[in-house]
Each structure stands twice: as structure tokens, then as C-alpha cells.
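Read in order, the letters of the sequence shown correspond to residues 94 to 224 in the working numbering.
Beta carbons: idealized from backbone N, C-alpha and C, even for Gly.
Here the structure is laid out as C-alpha cells; the discussion comes afterwards.
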Amino acid sequence: MVFDTNVLLSAVGWNGNPLRCLLLARAGTIQGLTCAEILDEVYEKAIEKLGRSPAEAFAILDELREFLQMVTITGALQGVALHPSDDKVIECALVGNATYIVTGDRKHLLPIRSFRGIQIVSPTELLEQLV
Numbered sequence: 094m095v096f097d098t099n100v101l102l103s104a105v106g107w108n109g110n111p112l113r114c115l116l117l118a119r120a121g122t123i124q125g126l127t128c129a130e131i132l133d134e135v136y137e138k139a140i141e142k143l144g145r146s147p148a149e150a151f152a153i154l155d156e157l158r159e160f161l162q163m164v165t166i167t168g169a170l171q172g173v174a175l176h177p178s179d180d181k182v183i184e185c186a187l188v189g190n191a192t193y194i195v196t197g198d199r200k201h202l203l204p205i206r207s208f209r210g211i212q213i214v215s216p217t218e219l220l221e222q223l224v
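The structure is reproduced here in C-alpha cells:
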């Protein structure tokens with residue numbers, strides 16, 4: 094499954110369902126996927142939104158790379174998500190053969206609900222489905 098930037102930052106910054114989802118990936122209970130483009134956004138937003146230093150933001154990326162499988166996207170997928178910058182999340186899921194995209198983006202990603210067999214769910218919905 095692919096965790097979007099929103100979920101990754103929420104897991105880093107606060108306790109809650111995004112963190113619970115990420116801990117499942119860290120434990121190997123679920124397979125988490127990401128790509129360089131998502132991690133680039135995590136780095137930028139960790140500094141901008143969470144007030145982390147560049148060194149702290151790099152440490153977050155290093156930790157995520159320890160348990161998230163990296164896939165390579167080309168940027169070929171366009172116009173699927175309601176916000177163009179979210180297409181990378183969907184493309185990452187397609188390239189990695191993910192069954193889920195986990196997002197807190199109620200405005201742009203969650204309304205899609207599914208794409209080519211990939212379910213788009215909130216962290217809470219994912220946890221409910223896994224139980």
C-alpha cells in the first residue's frame with residue numbers, strides 16, 4: 094500500500110491512526126510502498142509544516158526508507174486525481190501493484206474511492222478493514 098504525504102507527516106508528527114498504519118508497515122504486517130517524489134514532498138513539508146530542520150527531515154526520510162519499498166515512477170499518469178500533484182501517489186500505487194492508497198486527503202484523493210482496483214481509504218478505514 095502507498096501512504097500519501099499527509100499520512101506520513103501525520104504519523105511523524107502525532108499519535109493516531111496514521112501512526113498505527115505506519116507501525117504495521119514497519120512491523121512487516123503490511124507492505125508499504127513509496128517513491129522519490131512522495132519522499133521529496135515529505136522532506137519539504139516536514140520543514141515547512143512541522144518546523145523540522147533539514148537534518149531532522151533527512152532523518153525522517155532515512156527512517157521511512159528502512160521499511161517502505163521504493164518504486165520508480167515516470168510521471169506519465171496525469172489527470173486522474175482531483176489535484177495534479179496527487180497523480181504521483183496513484184502512479185506509485187499502480188507501479189507497485191498496491192491494493193490500497195492510504196490518505197487523509199478528503200478533498201482530492203478520498204473522493205475517488207478506487208482506481209483500477211486500488212482502494213483509496215483513510216487510515217481509520219484501513220485499520221477497520223484489517224481487523
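- By the criterion of a C-beta distance shorter than 8 Å, Glu149 is surrounded in its chain by Ala139, once the five residues flanking it on both sides are discounted.
- By the Cβ-count criterion, Arg199 is exposed, with fewer than 16 other Cβ atoms from all chains shown falling within 10 Å of its own Cβ.
- Exposure of Asn190 is indicated by the presence of fewer than 16 other C-beta atoms within 10 angstroms of its C-beta.
- When DSSP assignments are scanned along the region 100-154, the uninterrupted stretches of alpha helix (DSSP H) that are 4 or more residues long and fall wholly within it turn out to be 110-119 and 129-141.
- Under the three-state reduction of DSSP, Ile211 is assigned to strand.
- Rounded to whole angstroms, the separation of the alpha carbons of Arg145 and Val182 is 23 Å.
- According to the DSSP assignment, Leu219 belongs to the alpha helix (DSSP H) that extends over Pro216 to Leu223.
- Ile194: not part of any alpha helix (DSSP H); member of the beta strand (DSSP E) spanning Tyr193 to Val195, first to last residue.
- Contact annotation: Leu161 and Leu116 have beta-carbon atoms that are not nearer than 8 Å.
- Residues of the same chain with a CB within less than 7 Å of the CB of Leu112, apart from the 5 flanking positions on each side, are Ala104 in chain order.
- Approximately 12 Å separates the beta-carbon atoms of Leu102 and Leu132; this is outside 8 Å, ruling out the contact.
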